[in-house]
Amino acid sequence: MAYKLKRIITSIMVSTVFILTGCAGGGGGYFGSSSSVDPRLKNNPDIEFFSRSGLTACAAGAGLGIAGCLLSNSSKKAECALIAAVAGCGVGIGANAYLDYNRKKYGSEEEALNSAISDMKVENNRLERINQINKQVIIDNKATLDKLSKEIANNTINADMAEKQLKSIDANINFLRDTLAKAKERQANWEKVSNSTSADSSELDEQIAQMNEKVQALESELDSLFTQRSAIKLS
90 MAYKLKRIIT
100 SIMVSTVFIL
110 TGCAGGGGGY
120 FGSSSSVDPR
130 LKNNPDIEFF
140 SRSGLTACAA
150 GAGLGIAGCL
160 LSNSSKKAEC
170 ALIAAVAGCG
180 VGIGANAYLD
190 YNRKKYGSEE
200 EALNSAISDM
210 KVENNRLERI
220 NQINKQVIID
230 NKATLDKLSK
240 EIANNTINAD
250 MAEKQLKSID
260 ANINFLRDTL
270 AKAKERQANW
280 EKVSNSTSAD
290 SSELDEQIAQ
300 MNEKVQALES
310 ELDSLFTQRS
320 AIKLS
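Numbering (the working numbering), first residue to last: 90 to 324.
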């Protein structure tokens, strides 16, 4: 376990060096795919948190915290960087890295599990807020599609304007698909955490079930929007 944790810490440190020297991307990141995405989605800190996964992205999410670790006089810079990376995206760092971190931090499986339960409750609260925003965006997009459908049928809107509105909705759909995929990935990581503990994980499993309900709700809303969008064709 110590060797595995050392490899994880080394990966985080290397990722952070790339980030601080500008080699991990141009700053666009997850939200740089389209300027047409609804600001309620692309400027949402909860969605941004859920979008992070893997060592590099988690290091980026905690960039300032890790930079502080590297620049400090502490003799435990690597451990400090790992703490910052976990804080940057929680279980998004990966189930194995998250488990190793918790087991190193806490003295027993029960304490590590209690910490995981607490973290997952926070994530479920985040996902609930995300779903509230997503639902409102989807409702608004459906209303736009209803209006567009009537305007196209009555030939009261020009093609350029209709295409612009459809592209904006398409951008939102793609963004929401990414959000859904990341939420499913996090749920899978939590399931791995639950399966890897020797302590009673029933409370964690209950939180996982709640997350699954939220994920399924988002998927259902998104499927409904996509079906409505697909019915509109510009000649």
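Built from N, CA and C at the ideal position, the CB exists for glycine as well.
- Relative to the Cα of Gly-183, the nearest Cα in the group Ala-306, Asn-278, Asn-284 belongs to Asn-278.
- Of the residues Arg-266, Asn-284, Glu-292, Lys-256, the one whose Cα lies closest to the Cα of Lys-322 is Lys-256.
- Setting aside the 5 residues that flank it on each side, Thr-268 is surrounded in the same chain by Leu-130, Ile-136, Phe-139, Ser-140, Ile-219, Asn-223, Leu-307, each with a C-beta closer than 8 Å to its C-beta; the list follows chain order.
- Under the three-state reduction of DSSP output, Gly-177 falls in the helix class.
- Ala-201 sits close to Tyr-195, with the two beta carbons spaced by under 8 Å.
- In its chain, beyond the 5 residues on either side, Ile-297, Met-300, Asn-301, Val-304 have a beta carbon closer than 8 Å to the beta carbon of Gln-276.
- Separation of Ala-242 and Asp-235 (C-alpha to C-alpha, rounded to the nearest whole angstrom) is 11 Å.
- Closest option to Asp-208, judged by alpha-carbon separation, among Asn-191, Asn-132, Ser-287: Asn-191.
- Less than 8 Å divides the Cβ of Leu-314 from the Cβ of Lys-231.
- Under the three-state reduction of DSSP, Leu-237 is assigned to helix.
- Our two residues, Asn-244 and Thr-233, have alpha carbons roughly 16 Å apart in a direct line.
- For a cut-off of 8 Å, the C-beta gap from Ile-206 to Glu-292 is around 5 Å, short enough to register as a contact.
- Considering only Ala-176, Ser-324, Lys-253, Ser-290, the residue with the shortest C-alpha distance to Asn-203 is Ser-290.
- The beta carbon of Leu-237 is closer than 8 Å to those of Ile-246, Ala-251, Gln-254, Leu-255, Ile-321 in its chain, skipping five residues each way along the sequence.
- The C-alpha of Ile-262 lies about 11 Å from the C-alpha of Glu-310.
- Counting of Cβ neighbours within 10 angstroms places Ile-228 among the exposed residues, the total staying below 16.
- Bounds of the alpha helix (DSSP H) holding Lys-194 are 184-194.
- Between the beta-carbon of Leu-188 and that of Val-126 there is about 34 Å, and that puts the pair past the 8 Å contact cut.
- In this structure, Glu-199 places its C-beta atom within 8 Å of the C-beta atom of Ala-288.
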